[in-house]
Structures are given as structure tokens and as C-alpha cells.
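Chains as they are written, first to last, in this note's numbering: chain A, 18 to 543; chain B, 18 to 543. Beta carbons are placed, not taken as given, at the ideal position from N, Cα and C, and that holds for glycine.
2 protein chains.
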Amino acid sequence: MPPHPIYINGTWRPAASREIFHATNPATGEVLEDAYPVSTWPDLDIALSAAAEAAPQLAQTPPAAIADFLNRYAQRIEACAAELTARAAAETALPLAPRLRDVELPRTTAQLRQAAAAVVEGSWSLPTIDTTHNIRSCLAPLGPVLLMGPNNFPFAYNAISGGDFAAALAVGNPIIAKAHPLQPNTTRLLAEQAVAALAETPLPKSTLQLIYHMSPDTGLRAAADPRLAALGFTGSRRAGLALKAAADQAGKVIYLEMSSLNPVIILPGALRERPEKIADEFADSALAANGQFCTNPGLTLLLAGPETTAFIAAVKTRFQSRTPGTLLSEGVAHGLRASVATLRNAGATLLTPYPPSPAPCVHPNTLLHVTAAQFLAQPDALQTEAFGNASLFVTADSPGQLAEVLAALEGQLTGSIYSSTTGADDGLYIRFAQLLRPKVGRFLNDKMPTGVTVCPAMNHGGPYPATGHPGYSAVGAPGTLRRFAMLQCYDHVRVGRLPAVLTNKNPTGRTWRLIDGTYTLADIPD
Amino acid sequence: MPPHPIYINGTWRPAASREIFHATNPATGEVLEDAYPVSTWPDLDIALSAAAEAAPQLAQTPPAAIADFLNRYAQRIEACAAELTARAAAETALPLAPRLRDVELPRTTAQLRQAAAAVVEGSWSLPTIDTTHNIRSCLAPLGPVLLMGPNNFPFAYNAISGGDFAAALAVGNPIIAKAHPLQPNTTRLLAEQAVAALAETPLPKSTLQLIYHMSPDTGLRAAADPRLAALGFTGSRRAGLALKAAADQAGKVIYLEMSSLNPVIILPGALRERPEKIADEFADSALAANGQFCTNPGLTLLLAGPETTAFIAAVKTRFQSRTPGTLLSEGVAHGLRASVATLRNAGATLLTPYPPSPAPCVHPNTLLHVTAAQFLAQPDALQTEAFGNASLFVTADSPGQLAEVLAALEGQLTGSIYSSTTGADDGLYIRFAQLLRPKVGRFLNDKMPTGVTVCPAMNHGGPYPATGHPGYSAVGAPGTLRRFAMLQCYDHVRVGRLPAVLTNKNPTGRTWRLIDGTYTLADIPD
Numbered sequence: 018m019p020p021h022p023i024y025i026n027g028t029w030r031p032a033a034s035r036e037i038f039h040a041t042n043p044a045t046g047e048v049l050e051d052a053y054p055v056s057t058w059p060d061l062d063i064a065l066s067a068a069a070e071a072a073p074q075l076a077q078t079p080p081a082a083i084a085d086f087l088n089r090y091a092q093r094i095e096a097c098a099a100e101l102t103a104r105a106a107a108e109t110a111l112p113l114a115p116r117l118r119d120v121e122l123p124r125t126t127a128q129l130r131q132a133a134a135a136v137v138e139g140s141w142s143l144p145t146i147d148t149t150h151n152i153r154s155c156l157a158p159l160g161p162v163l164l165m166g167p168n169n170f171p172f173a174y175n176a177i178s179g180g181d182f183a184a185a186l187a188v189g190n191p192i193i194a195k196a197h198p199l200q201p202n203t204t205r206l207l208a209e210q211a212v213a214a215l216a217e218t219p220l221p222k223s224t225l226q227l228i229y230h231m232s233p234d235t236g237l238r239a240a241a242d243p244r245l246a247a248l249g250f251t252g253s254r255r256a257g258l259a260l261k262a263a264a265d266q267a268g269k270v271i272y273l274e275m276s277s278l279n280p281v282i283i284l285p286g287a288l289r290e291r292p293e294k295i296a297d298e299f300a301d302s303a304l305a306a307n308g309q310f311c312t313n314p315g316l317t318l319l320l321a322g323p324e325t326t327a328f329i330a331a332v333k334t335r336f337q338s339r340t341p342g343t344l345l346s347e348g349v350a351h352g353l354r355a356s357v358a359t360l361r362n363a364g365a366t367l368l369t370p371y372p373p374s375p376a377p378c379v380h381p382n383t384l385l386h387v388t389a390a391q392f393l394a395q396p397d398a399l400q401t402e403a404f405g406n407a408s409l410f411v412t413a414d415s416p417g418q419l420a421e422v423l424a425a426l427e428g429q430l431t432g433s434i435y436s437s438t439t440g441a442d443d444g445l446y447i448r449f450a451q452l453l454r455p456k457v458g459r460f461l462n463d464k465m466p467t468g469v470t471v472c473p474a475m476n477h478g479g480p481y482p483a484t485g486h487p488g489y490s491a492v493g494a495p496g497t498l499r500r501f502a503m504l505q506c507y508d509h510v511r512v513g514r515l516p517a518v519l520t521n522k523n524p525t526g527r528t529w530r531l532i533d534g535t536y537t538l539a540d541i542p543d
Numbered sequence: 018m019p020p021h022p023i024y025i026n027g028t029w030r031p032a033a034s035r036e037i038f039h040a041t042n043p044a045t046g047e048v049l050e051d052a053y054p055v056s057t058w059p060d061l062d063i064a065l066s067a068a069a070e071a072a073p074q075l076a077q078t079p080p081a082a083i084a085d086f087l088n089r090y091a092q093r094i095e096a097c098a099a100e101l102t103a104r105a106a107a108e109t110a111l112p113l114a115p116r117l118r119d120v121e122l123p124r125t126t127a128q129l130r131q132a133a134a135a136v137v138e139g140s141w142s143l144p145t146i147d148t149t150h151n152i153r154s155c156l157a158p159l160g161p162v163l164l165m166g167p168n169n170f171p172f173a174y175n176a177i178s179g180g181d182f183a184a185a186l187a188v189g190n191p192i193i194a195k196a197h198p199l200q201p202n203t204t205r206l207l208a209e210q211a212v213a214a215l216a217e218t219p220l221p222k223s224t225l226q227l228i229y230h231m232s233p234d235t236g237l238r239a240a241a242d243p244r245l246a247a248l249g250f251t252g253s254r255r256a257g258l259a260l261k262a263a264a265d266q267a268g269k270v271i272y273l274e275m276s277s278l279n280p281v282i283i284l285p286g287a288l289r290e291r292p293e294k295i296a297d298e299f300a301d302s303a304l305a306a307n308g309q310f311c312t313n314p315g316l317t318l319l320l321a322g323p324e325t326t327a328f329i330a331a332v333k334t335r336f337q338s339r340t341p342g343t344l345l346s347e348g349v350a351h352g353l354r355a356s357v358a359t360l361r362n363a364g365a366t367l368l369t370p371y372p373p374s375p376a377p378c379v380h381p382n383t384l385l386h387v388t389a390a391q392f393l394a395q396p397d398a399l400q401t402e403a404f405g406n407a408s409l410f411v412t413a414d415s416p417g418q419l420a421e422v423l424a425a426l427e428g429q430l431t432g433s434i435y436s437s438t439t440g441a442d443d444g445l446y447i448r449f450a451q452l453l454r455p456k457v458g459r460f461l462n463d464k465m466p467t468g469v470t471v472c473p474a475m476n477h478g479g480p481y482p483a484t485g486h487p488g489y490s491a492v493g494a495p496g497t498l499r500r501f502a503m504l505q506c507y508d509h510v511r512v513g514r515l516p517a518v519l520t521n522k523n524p525t526g527r528t529w530r531l532i533d534g535t536y537t538l539a540d541i542p543d
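See the structure below:
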């Protein structure tokens, strides 16, 4: 069977490829039948030119038409939800229900629809007008965007259907999507639905393009190509940093989500007050999806004491009593074993000893421990992300030592503090919150970090190296749309030549605009 | 006389310096008396630690106190305007009036006051609340910011008083300012006023710090230091790119303004309609401040024809009849001569032949010409910025060829199109506007690019390499404040632990917040 075609320049066509690959079912080890091409530079070259050609047309397409595409696509995803979730389950070993069917797929269509609603409403672009000087500005499309998604969300972060796709396309940028090579069957079906939805709209055919795989070198070359305006990447820090270096060097806009330990501080008063509840919450969060969430709580900070000793034992019991599921791939399992080894080599004690893995894609639930003194001696090695069902507990002898650990932490997506409801921890809370707050994008109280609500106030982002820019969230319209936009100012531009959102008449009647210093829905008198 | 002290860690103290420098009056060549130190790493080390210590305090300072500082500082600048403008005139040769006294100094105090007003009003931080999930987010301080200003605006872009200073400090970030070494006397007086204003407020003493000079290596080391959160730089592309590489490598936020040719397209109908008026406007803009504006029109695109031939002759007459002023420094004069030589070596014809320069800091008004065919043969060399009173005209044989020139242009701060008022140029306008618009931050009609109005709708920014991020403006509150901020989300955080702008009560009664999808000034019912 020849490899599946890619979708570039408005058609499904064979890739320029000397190499093919197959997906594997991680639960069974079965190599799946369909063959997919590893694209080489000629494919990217065509895609980049097609995207560059589509960019000005798409930039002038009314938001309603773009929203129409996003809504139609969401509807089509729902219509083939059964097939999509079956394919995704086979490629990822993630549970078909509730995870894929009831959580991730609805989240994905919600993201597409929220992006559609935001772009039609129009306030996302921060339209600003000074009538005295006739100076007007708003955010506007950037140009072709290359997207690469991660292995752990086959729908919600897929480069052809996820949050970056919804945001970058809603703004009016042509998308070149690269599938995650673990999920080509899922991605193909998504792309087929996207192409079908596109055909029902007046959008340019190269509004979206899909390749399945490429070599790192091809990716780095594309990142620096003059026809490309921006990149979005979610995945490993190693790959992300390589892409960032190439994009930075060429002056490209790039948004990355790379890694996070999502530290959780659990204060003694909280542990005395509700130890079992917190142990349940921790185990549920740390082992959800076998720990394969970007917001997985990988690092827990505790003050040594009897309540902490009891808590660690309670978590250990839970880790050992729950059956580990199948990881996303042998690569993930291999990476997890390597990370656990790195942590142990840096002094972490394994609290959950285990025999050799029962299957290539299964790893026992793993709890590790170090003292804060050990952590502070090797803070880099002990911040190694162990992507999967492993978690590190750090116990400090004093609040001051825990503060030192906080000071040594890298930037993170999230950080949580559990504290007593009676005020017993408030002094510690204030001290630690001040240190943790600036290091994390989302700061939580009494709540584990997994579970990212798709809503305008969400921040799925954070300081480097969790992401590449601390000012933006990868989730939550309207803010997430602003990533893939440039600020365009119109100075003394004649009436009739302005974009609709900057004309005297409010184009929708409900677009908030900052006019002469006042936020208003009103028109400007002619 | 020993060198002047620097202001770090809350005191004026001698620099760790083995090297001193003096300012020079470019108009007379006189070396000015005061000596200033070139700081070495120990100064930066102290400043970075002091800034890191001030950061959490400043982050918790109420916006009103920060605004109070900014307003007091603006008032003090006005109170010593005579001395400030005298010093700046001596160090830059810019006219004391109207430029320094009536334009730049009032612009500077306006920027400080507008930043103060924006931070008190609060909407700049895009507060967003979802009550259903109790998720709340807003932009918040990033941490210590290192600022470096350019040579051409001794007040409005000075690292201790300019737009970046106002924006980054208003947000609540401690500032480490590096003076431009051409303007130490001006910068010292500004810093003295800033320090005096600071002492009248409860802000931490290391809210601002000042050094006068440092080696490039020291600057690059500081850029990558873990204590630093962000950088702001305005200046040459060479220095900016070196700083960007260091910051990127370390994952720091950096905003740069580096270079721009500010292309102006003048269409044939406009030239037939009002040739003398446009020639006046062009010469006024191109020769304002001897061409030493970042928005100077350095590249003019024309369609070959009799009206263009006449226009070029009209501009040449103006360039030759006006007396060139003194440039900012011998370095600027040297750079300008080198850039003109680069352009001529790439095929540009000198339309304004001149004898050797009459003085080291004077350069004749210089008009150069190439055909579009020549330009397209060497687009990189012919986009060399000639900072100063030199400008390049490109004449195209056809609209298609002019479109090719547009396609070859780098990112720019501004781009202008002059067209006939009767509609004669409309077809060409539409074609060229579509190509020029995405390449420039501010797009103008029938207007030259110099003159940056300080207002909310201004975009003084643009695609790389004009700046480092196309989404932001260096001028215009509230948007310009958002550069030096991180997105902070609060998920399930208890009442009483939220920042004021995210509490149920609207903290000012006039802060716009996006609550459950609706922009409102209302409180949330408790």
C-alpha cells in the first residue's frame, strides 16, 4: 500500500518522500496498516509558497467566513466522533471514554467554536482609535504559521484541530500543520474533515495544509524561511529549544509550550486537616492519563514532620495499589525510565520499588523522594521532567529551606498551594505564595493543576522554560488569539480604506473599542 | 576630577570602573568637563541583586503609589527644563527650541503621566474573570528590566526617563537604566530628579538604578543573568541583534527597536496633482533633525515617468538649498558616510554631489537614486539604513516591478502611500497597500512618517527586523505597558488572596474587566 497523500497547495498529493512510517498501537504493540510519508524540503517549499499566496486573501476574508469554517469543522468533528475516538484510542492507548469521547473531543470543538465566536465579536483585536489625530490600530493577521502538536492530546492540541490551530486560523493566518507522528490516522481523519469544511466556504484552499512528518533539519529550515511568519510548538524541551533557536535567529515569532513540573506545596496545617482527601486528590491528578499531562504535578514540596511522613505513606499506598495504564508509546516509556534514572542518580530515593516493566509501554506508578538539601545541591538534575506516571516529593527541614527550593525553580505552567482552611498556614502561605507566584502562569489554591478549563480567564502558559513568552496563554479566547497577530496602525488613512473594525461604525455593534481613551460600543459620528 | 558616581542599590556610589569617558559637544568638538565611569560586572552584579530584591516589594506596591512617583518625576523634569535642555543641546546639537524644549521634553513628561494614568485606571492589565470556575487572570509585573536607550532622543527614549522606562516601571518592574554614552550630563540630571522623586514615595529604593556605560560583554552577560526578567533596547541593528541573541538564548523577554527605512510610495496621480507640496513634505520629513529619526523616510518608491523625474528634481533642489545641521556625533557622521558608500557601491547614484564635509559632524544633505532593477539585484545592500540626512529614491518601470521591490522589503516601523485625491491612483493604491501593509507597523496615507503622536492608537513598532516582536508598540499607553508584563492566572484562589484588580469589587470603579464574557465596570456580587 503506498503512503497516504499529504494535503498541500489545495490538493491531496503524494509527498516528496523517500521514507515512510506507520503508527503503532501502544497497548498491543501492533504496527498499524496505513503508511505515511516523511516529507522532505520540496513539500515544505510548496506548502510555504501556497501559504504565502493564501495569506493576503485570508487576511481580507471577513471574520464571519472564517468563523463559519471553524464552526463547520467543529460540527464535522462531532459527526465522526466515533471513528475519531476509535483511531485516537488505537494510536495513543488513551481511554476512549470518558477521556477521548467525553472530555477531549468536546474540548476540541469548544475551542474551535470559542475562537470562531471571538473573531466574530471582534474585541480580541483591541481596536483603538484616536479621532483627534485620525490614528487607528488593531491586531491583525501575521501570515503563514507552522504548527506542531504534542503526543498527549490527539485532538485538543493536534496541529490541525487544536488550540493553536483554532487561534492562529481564527485571526486569519494560513496554517501549515505537521501531524504528530504517533497519530497519523487520527490526524488524517481530522484533516479530511477540515478540508471538507473548507470546501464549503470561500476561504482560500491553502488556508490549511497538512504534512505528516519531516526530519528535524527540514523543520529548522522551514522555521527560518522568509515565507513563514510564525510558529507554534507543543512538545519536548529539546525539540522546542532547537526550533526556538532557529526561529529566534531568523526573527520569527514563536510560541512554545515545552515542559513543566507544576510544583505543589502542601502545608502542614492542610495535611493535619484533610490528609486522606489531599492524598486522593494528589494521586488522582498525578496518575491521570498515566501522568501524561503538561500540567501533571511532578514536584511536591513539603515541610518535614509527622503529618508529611504520613502523607507520603498515604500517597505511596495509592500509587502502589493503582494499576498503571499503557503509556503513549515506547518512546515515552523509554524517556520516563531515563528521567527516573536521572533523578535517582541525582540522589532521589525510589519509594515504590518495582520489578522490571511488565510490558514495553507500561511503567509502574513511581514515587520518588529527596530532601531539600539534596535538591539544592543538584537543582538542575532534580528538575528533570519525568513525563509519565512518576512524581518527586521534596521535604524541607524549615520554611527557609523550602523558600530556597522555590527560589531555585525554573518557570512553570502552574503552581499550587494547599493550606489549612482555619488560617493555621497563613504565615507560610504568604511567604511561599510571594515566591511561587511570579514563577508560574496559573496559581492555584487547594487544587491540583490537571484539568485546564477552556475559558477566557485561563492561562495555560508561564515563564520560560515552560513556554517561550510569559505574556500569553495557549488556551482561552480571546487572549490566545493575540499570539498570532501583529499590531497594525492606520495613521491618517482615508475613509473607505480602513479595516471594518476601525471604521467609524462599530462593525458588529458589540465590538468593544477604545475610542479617545474610553471603552465603548458606540459608533464614531461621521 | 573623579568620575561621577552611579546610582545602584539605593545610593550614589563610585562605580567599579577602570575606565572613564566624557561627552563631547558635537557642534564645537569640545570635550565636556565631567567624567563618567564605564561600569564593570561588579556594578551590574550589585544592581541585579538589588533589583531582584526590590521586585517583589514593587510588585505589591499599589498602582497609585507608582503613579505618584511617575507624576512627581514629570513635574521635576519640568521644573529643571532649562538646565535639562541646555545639557541635551550641548551633548546632541539638537536645537534647544523648538525641538528639545517644546517638543521632546513635553512628550517625555506626557509619556510618564500617560503611563501613570494607565496604571491607575487598571484596564491595561486585561483583567478577566470567570465566576463559574473562579478563574481570574490579569497581566502583572515581570521582574527586573534592563533598559538601553538610543542616541537620538535624550529625553523621550532615555533609559531613565523615556517610553520604555515609563511603561516598564508603571507595570511595577524595577529598572536598571544604562545611559547613552553620548548623553551622560543630561542623563545624570534626569536620574537625580528621578531619585529625588522616588524619595518622596514609599517605593523601594532600588525601583530604579543608573549606570552610565558598560562594555558589550558586560551587557551580554547581564542580558543572560537569571536575576533579570526582561530587556528593552533602542539603537543600532548590530548592537540590538547581539543583545537579542544573548536574551533569546537565556529565554528572556526582550523588546527591541533596531532600524527602519520607512518606505514612502508616491503614486503618479499624487505627483501630478500636488508636486511642490509633496516635495516640501518630503524634504521637511527627511531632513528633520538631520534625518536622525527612527521614522525618517529613507526609501522612496516611485514609478518612472515625467512627473517622477520632475519630483526628484524638486526634492534635489530642496536638499541642496537647505543647510545641513550638526549630527549627533562623529560616530553618526562616520556611520552615515559608510552607509552612503555602501549604497553607492551597490549601484546607487548620488544626485547631490558634494565636496568633502566642512566639519566632522556635518554631512551634506544627500539624495541617492537607483532603478528598481538595480534594487532587486542587491536588495540587502540597498536596504542599508543611512542614519542621518540621506535618502534613497527607487524608480520602477512598471507597477509589477514596484510590487517586486515591496516584496523584497524587510519589516519596517512605518510605510506611507501618497495617492491622488481624485481616485486616479486607486488601482495602484489597492495593489501596493496590500503588499506594504503587512510589512509595517504604522501605515500612512498622504503623510510623511516622522512625528510620532503619543496616544493609545499609536503603533511605534513593526515586524522584524524593525523590532523584535510585531505585536507591540513602544509608544502609547495602555498597550505599551503590556510588553513588560506576564499573564498571571488565579485558579480557585481564596478571597482575600487575590490582587485588587481581580477581586469581586471593581477596585477603581472605572477598570474595564472581562467578566464571564462581558466587558464591564460592574462589581461581582459577593
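Residue range Gln429 to Tyr435 is occupied by the beta strand (DSSP E) that includes B/Gln429, with no alpha helix (DSSP H) assigned at that position. If you draw a straight line from the Cα of A/Asp442 to the Cα of B/Gln74, it is about 22 Å long. Approximately 26 Å separates the beta-carbon atoms of B/Thr57 and B/Leu345; this is outside 8 Å, ruling out the contact.
For a Cβ distance threshold of 8 Å, residue set Phe460, Leu461 and Asn462 of chain B lies close to A/Val510, ordered along the chain. Look at B/Ile282: its C-beta is not under 8 Å from any C-beta on chain A. The shortest C-alpha to C-alpha distance from A/Ile25 to any of A/Arg116, A/Leu87, A/Lys195 and A/Ala40 is the one to A/Lys195. For B/Ser338, the number of other beta carbons within 10 angstroms of its own is below 16, and it is reported as exposed. Using beta-carbon distances, A/Asn190 does not count as an interface residue toward chain B, since no partner is under 8 Å. Its chain contains Leu393 and Pro396 as the residues whose beta carbon lies nearer than 7 Å to that of B/Ala425, once the 5 sequence neighbours on both sides are disregarded; these appear in chain order. The Cβ of A/Ile152 sits closer than 8 Å to at least one Cβ of chain B. A/Leu143 sits in coil when the DSSP states are folded into three classes, being neither helix nor strand. A/Arg153 carries a strand assignment under DSSP once its states are collapsed to helix, strand and coil. In chain order, Thr102 and Ala106 place their CB closer than 6 Å to the CB of A/Leu113, counting only its own chain and leaving out the 5 sequence neighbours on each side. For B/Ile83, the three-state secondary structure derived from DSSP is helix.
Under the Cβ distance rule, A/Val349 does not count among the residues neighbouring chain B, no pair being separated by less than 8 Å. Looking from the CA of B/Ala247, the closest CA among A/Gly488, A/Met165, A/Ser178 and A/Ser415 belongs to A/Gly488. C-alpha of A/Lys333 to C-alpha of A/Ser276: approximately 25 Å in a straight line. By the criterion of at least three beta-carbon pairs nearer than 8 Å, the segment 467-486 of chain A is in contact with the segment 419-436 of chain A.
For B/Glu100, the secondary structure class from DSSP, reduced to helix, strand or coil, is helix. Listed by position along chain B, the residues whose Cβ is nearer than 7 Å to that of A/Pro473 are Thr145, Asp147, Leu531 and Gly534. Taking B/Ala494 as the centre and dropping the five residues before and after it, the same chain places the C-beta of Gln131, Ala132 and Ala135 closer than 6 Å to its C-beta, in chain order. For B/Asp265, the chain A residues whose Cβ falls inside 7 Å of its Cβ are Asp265, in order along the chain. Taking the Cβ atoms as the reference, A/Thr383 lies roughly 4 Å from A/Ala407, within the contact range of under 8 Å. In the structure shown, the three-state DSSP call for B/His351 is helix. In this model, B/Tyr507 and A/Ala491 are separated by some 16 Å (Cα to Cα). Chain-ordered listing is empty here: chain B has no CB closer than 9 Å to the CB of A/Arg255, the nearest sitting near 14 Å. Taking 8 Å as the CB threshold, A/Val120 stays off the interface with chain B.
Look at A/Gly488: its C-beta is under 8 Å from a C-beta on chain B.
Take A/Asp414, set aside five residues on each side of it, and the residues of its chain with a beta-carbon closer than 6 Å to its own are Ala321, in chain order. Under the three-state reduction of DSSP, A/Leu122 is assigned to helix. Using a Cβ distance threshold of 8 Å, B/Phe250 and B/Ala296 do not count as a contacting pair. Under the three-state reduction of DSSP, B/Tyr229 is assigned to coil, being neither helix nor strand.
Excluding its 5 nearest sequence neighbours in each direction, A/Ala305 has C-beta neighbours in its own chain below 7 Å: Thr467, listed in chain order.
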